[in-house]
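Student: One line per chain: the protein sequences are L and C, in this order.
Taking the numbering used here, I'd label the letters of the first sequence as residues 1 to 114.
Taking the numbering used here, I'd label the letters of the second sequence as residues 115 to 227.
Positions of the beta carbon are idealized from the N, C-alpha and C atoms, including for glycine.
I'd like to ask some things about the structure below.
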Amino acid sequence: EPEVTQTPSHQVTQMGQEVILRCVPISNHLYFYWYRQILGQKVEFLVSFYNNEISEKSEIFDDQFSVERPDGSNFTLKIRSTKLEDSAMYFCASKKGGSWWEQYFGPGTRLTVT
Amino acid sequence: DQQVKQNSPSLSVQEGRISILNCDYTNSMFDYFLWYKKYPAEGPTFLISISSIKDKNEDGRFTVFLNKSAKHLSLHIVPSQPGDSAVYFCAASVSTNAGKSTFGDGTTLTVKP
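Shown next, in the form of structure tokens:
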């Protein structure tokens, strides 16, 4: 069964450094998302992406964040200058579209900013 | 503003009995609702969904009920099994093409053998 994959599973970085989190969505899906979950808190929407552009972004997704689909398979989240409060699990999700509304999530990347 | 609420942080049931997980929402624009199951260190796994044009959707042991007037939905698991022990998230979305999901806080279900 096709699944969303994410790399790395765990990333440790120093405050102020740039990180890129990578995702490979399910191949015939058209809509892509990033969510995050700070430890002990709820899953929060960051950004949605369709047709090579951002469809919607939350207030968390400020100028330090960017997303890209550099080729036909990868979908990346870049944090330009990490802060301590960016430490969280980051989940990528994809959705087929049309009448299929379910989003399928990857296993997540645990980002630790020290 | 918490648009999707799961008021019970935890629920414990005996194997073979029914588990009922509840969820309330405030945004009338939501018209598609999903339940996800999540194990530690894994991403949420889609379980079952329901459109606002229905009041019930069933898939095997899992049934979701929607009461639009009360802005309430529930997930019933019958019979509950120890492998069902996980965190269950209710999520709601507006069925536009790029519609994001808004998640509740989650309910930790423990099914005791």
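Where does Pro25/L land, buried or exposed, given buried means 16+ other C-beta within 10 angstroms?
Tutor: So Pro25/L counts as buried.
Student: Please report the distance separating the alpha-carbon of Ser94/L from that of Gly213/C.
Tutor: Cα-Cα distance, rounded: 11 Å.
Student: Going straight from the alpha carbon of Leu134/L to that of Phe61/L, what length do you get?
Tutor: Look at the range of chain L in this structure, 1 to 114, and you will see that residue 134/L is not part of it.
Student: Does the region 187 to 194 of chain C come close enough to the region 37 to 51 of chain L to have 3 or more Cβ pairs within less than 8 Å?
Tutor: Verdict: no, contact absent.
Student: What separation, rounded to the nearest whole angstrom, lies between the Cα atoms of Trp122/L and Asp219/C?
Tutor: In the structure displayed, chain L extends from 1 to 114; residue 122/L sits before or after that span and is not available.
Student: Cα separation between Ile20/L and Leu77/L?
Tutor: Distance between the alpha carbons of Ile20/L and Leu77/L: 6 Å.
Student: Is Phe176/C close to chain L? Criterion is C-beta to C-beta, closer than 8 Å.
Tutor: Not one chain L Cβ lies under 8 Å of Phe176/C.
Student: Measuring straight from C-alpha to C-alpha, what distance separates Asp63/L and Thr82/L?
Tutor: Taking the straight line joining both Cα atoms gives about 12 Å.
Student: Taking only runs that begin and end inside the region 25 to 112 of chain L, name each unbroken beta strand (DSSP E) of 3 or more residues, in chain order.
Tutor: Whole beta strand (DSSP E) segments, 3+ residues: 31 to 37, 43 to 50, 53 to 57, 65 to 68, 75 to 79, 88 to 97, 100 to 105.
Student: If we cut at 8 Å on Cβ distances, does Phe105/L have a partner in chain C?
Tutor: Yes, because at least one Cβ of chain C sits closer than 8 Å to the Cβ of Phe105/L.
Student: Using the Cα positions of Lys91/C and Pro70/L, report the straight-line distance between them to the nearest angstrom.
Tutor: A query on residue 91/C cannot be resolved here, the shown segment of chain C reaching from 115 to 227 and no further.
Student: Could you please give the first and the last residue of the uninterrupted beta strand (DSSP E) stretch that includes Phe144/C?
Tutor: Run containing Phe144/C: none; DSSP gives neither H nor E here.
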